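For the sequence shown, the working numbering gives the first residue as 13, with consecutive numbering after it.
Note that the Cβ used here is the ideal one computed from N, Cα and C, for glycine as well.
Values in this document were obtained by computation on a predicted structure and should not be read as measured data.
Structure first, then comments.
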Amino acid sequence: MPEYNRNVLQLLRQPMEDRSVTIVRNEGTYEYPADFMLVAAMNPCPCGYYPDQAKCTCSPQEIRRYQNRASHALLDRIDMKVLVSQVPFDRLREEQPSGESSEAIQRRVVKATEIQWARFAGEGIRFNSQMTGKQIRNYCPLTPDCEEILKNAFYQMNLSARGMHRTLRVARTIADLESCGAILPRHLAEALSYRMMEAAEGGY
Ligand SMILES: [Zn+2]
């Protein structure tokens, strides 16, 4: 992602938020639908080895400049950010990869999709990601435990209102993937973990 010009990346903000692109020309203003799923990857520094001090050859300024290309405003609009560490050799060579099979995951995803279609019948939307603030209040009721977790995270992680709404949509989806009617503390904690990156200093 940071290989793109910062201005180009900034332009993504509007379509990511509004799911439409507005183009202004002399003849008039045009609006086009732009409902897409953004999947992006970035290295932690230009050489890719930071924070491994033994291998990284970048200066602190180079690292800061590189990470700053993905602005906080842009990262705020990405629902899930995951820090991926190097895979050890033995894991790469495993004959039988551990974890759930793709077929099992697909079944859960299909089920979670059906739950959402049923939930939003008559609402004019199909997915949790499309919920408005009002719909989030209706469909993401929180237990006192969850309310406390969210409140702490709001202050400690310096969450924006947008970040909080996005966290709740993700938590709703994690609960749906377990076919769980209520958002439980573990669902909310997982959703918040995908926001940790921007809470850390310098984006990482
Ligand atoms: Zn480096």
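Residue pairing of G40 in beta bridges, as defined by DSSP: R37.
For the pair I148 and L180, the Cα-to-Cα distance works out to about 7 Å. With a threshold of 7 Å, the Cβ atom of P14 does not count as near ligand 1, since no heavy atom of the ligand is closer than that. The set of residues with a C-beta under 7 Å from any non-hydrogen atom of ligand 1 comprises C57, P58, C59, G60, Y61, Y62, C68, T69, C70 and I75, given in chain order.
For Q118, the enclosing alpha helix (DSSP H) starts and ends at S114 to R131. The bridge partners DSSP lists for P45 are S32. Using a 10 angstroms sphere on the CB of D188, the tally of other CB atoms reaches 16 or more, which defines it as buried.
For A53, the three-state secondary structure derived from DSSP is coil. For the 8 Å CB-CB criterion, R81 and E29 do not form a contact. Excluding its 5 nearest sequence neighbours in each direction, Y151 has C-beta neighbours in its own chain below 7 Å: R131, M143 and R184, listed in chain order. Rounded to the nearest whole angstrom, the CA to CA distance from E159 to K67 is 43 Å.
Taking the CA atoms as reference points, Q118 sits about 38 Å from I35.
Between the C-alpha atoms of L196 and M169 there is a straight-line separation of about 20 Å. Membership of I75 in the alpha helix (DSSP H) is indicated by the continuous run P72 to N80. Contact check for G175 and R207: beta-carbon distance about 6 Å, within the 8 Å limit, so the pair qualifies.
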